[in-house]
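Sequential numbering of the sequence shown, starting at 9, is according to our numbering. In this text, a Cβ means the ideal position worked out from N, Cα and C, and glycines have one as well.
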Amino acid sequence: MLIIKNSYLTEVNLGTVAASAQVNIGTINELLGRVIYGVQAFSVADIALSPNGQTVVSTAGLASCVLTLVEQDRQNVFLYPLSDLRAANVNGFQRAFRPGKYDLTRSFITMVVATNLVNNDRVCLNFYYE
9 MLIIKNSYLT EVNLGTVAAS AQVNIGTINE LLGRVIYGVQ AFSVADIALS
59 PNGQTVVSTA GLASCVLTLV EQDRQNVFLY PLSDLRAANV NGFQRAFRPG
109 KYDLTRSFIT MVVATNLVNN DRVCLNFYYE
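Following this line, the structure appears as structure tokens:
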């Protein structure tokens, strides 16, 4: 069981969909300097609209993307299939990992294939932090 201390729901605009394209997560002021210990991805089956009222990626679309998190202090890189970060796909579990500071400006989402993705869809990520 993951104990949630704090969480922040954000969105990443996929922009123009293309195989192998990468989209940076960018600066999230609420998470600057915070220790992140988990992340969860949502599809349109879980959340009707993004925090800014935009269209959310489909459940099938999550399977077409990979999240790359860059750890700030150790320069480690972690890759997670977005479909594996959706709780409904993994018996309700949320993905927890070693707590650390992650450089979200250097972290990104890769569209491995363009299948099941639509231009300007949003990937919604909920980060758990201390």
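With three or more C-beta pairs closer than 8 angstroms as the rule, is the stretch 48-59 touching the stretch 23-40?
With contact defined as three or more Cβ pairs closer than 8 angstroms, the stretch 23-40 and the stretch 48-59 are not in contact.
With a CB to CB cut of under 8 angstroms and the five nearest residues on each side skipped, what residues in its chain are close to Ile10?
Position 2 of the sequence shown, counted from the start, is the residue given in the question as residue 10. Note on residue identity: the sequence assigns Leu, not Ile, to residue 10. In the same chain as Leu10, and ignoring 5 residues on each side of it, the C-beta atoms closer than 8 angstroms to its own belong to Gly46, Phe101, Gln102, Ala104 and Tyr136, in chain order.
Should Asp54 be flagged as near chain C, meaning a C-beta pair shorter than 9 angstroms?
The structure shown has no chain C; it contains just one protein chain.
Need the endpoints of the beta strand (DSSP E) that Gly69 sits in, please.
Along the sequence shown, read from residue 1 onward, the residue named residue 69 stands at position 61. Premise fails: Gly69 lies in the alpha helix (DSSP H), Thr67 to Leu70, not in any beta strand (DSSP E).
Along the chain, where does the beta strand (DSSP E) that runs through Arg103 open and close?
Along the sequence shown, one-based indexing puts residue 103 at 95. Note, Arg103: beta strand (DSSP E), Arg103 to Gly108.
Looking only at its chain, what residues have a beta carbon closer than 7 angstroms to the beta carbon of Leu70, apart from the 5 residues adjacent to it on each side?
In the sequence shown, residue 70 corresponds to position 62, counting from 1. Close CB contacts of Leu70 within its chain, under the 7 angstroms cut and outside five residues either way in sequence, are with Ala49, Ser51, Leu90, Ser91 and Arg94 (chain order).
Taking DSSP's pairing of strands, which residues face Gln62 in a bridge?
As a first step, residue 62 is located in the sequence shown; it is residue number 54 there, counting from the start. Beta-bridge partners of Gln62 (DSSP): none assigned.
Do Val98 and Val25 come within 9 angstroms of each other at the CB atom, strictly closer than that value?
Against the sequence shown, residue 25 aligns to sequence position 17. Against the sequence shown, residue 98 aligns to sequence position 90. No.
My guess is that Thr67 and Thr118 are in contact by the Cβ rule of under 8 angstroms, so how many angstroms apart are they, rounded?
Position 59 of the sequence shown, counted from the first residue, corresponds to residue 67. Position 110 of the sequence shown, counted from the first residue, corresponds to residue 118. About 18 angstroms separates the beta carbon of Thr67 from that of Thr118, a gap too long to meet the 8 angstroms contact definition.
Near Thr113, what residues of its chain come up, given a Cβ to Cβ distance below 8 angstroms and the 5 sequence neighbours on each side ignored?
Sequence index remark: in the sequence shown, residue 113 carries index 105 (1-based). Cβ within range, chain order: Asn32, Ile33, Gly34 and Thr35.
So, with DSSP's three-state summary, where would you put Gly43?
Residue mapping note: residue 43 aligns to position 35 of the sequence shown, counting from 1. A small fix is needed here, since residue 43 is Val in this sequence, not Gly. Looking at Val43 - three-state DSSP - the assignment turns out to be coil, as it is neither helix nor strand.
With DSSP collapsed to three states, give me the class of Asn14.
Residue numbering aside, residue 14 sits at position 6 when the sequence shown is read from its first letter. Strand, per DSSP.
Compare the beta carbon distance of Ala96 and Asp129 with 9 angstroms and say whether it is the shorter of the two.
Translated into positions along the sequence shown, residue 96 becomes position 88. Translated into positions along the sequence shown, residue 129 becomes position 121. Result no, Cβ atoms of Ala96 and Asp129 do not sit closer than 9 angstroms.
What whole-angstrom Cβ distance do Val78 and Val85 have, given they're in contact under 8 angstroms?
Indexing the sequence shown from 1 puts residue 78 at position 70. Indexing the sequence shown from 1 puts residue 85 at position 77. Their Cβ separation, rounded to whole angstroms, is 6 angstroms, which keeps Val78 and Val85 in contact under 8 angstroms.
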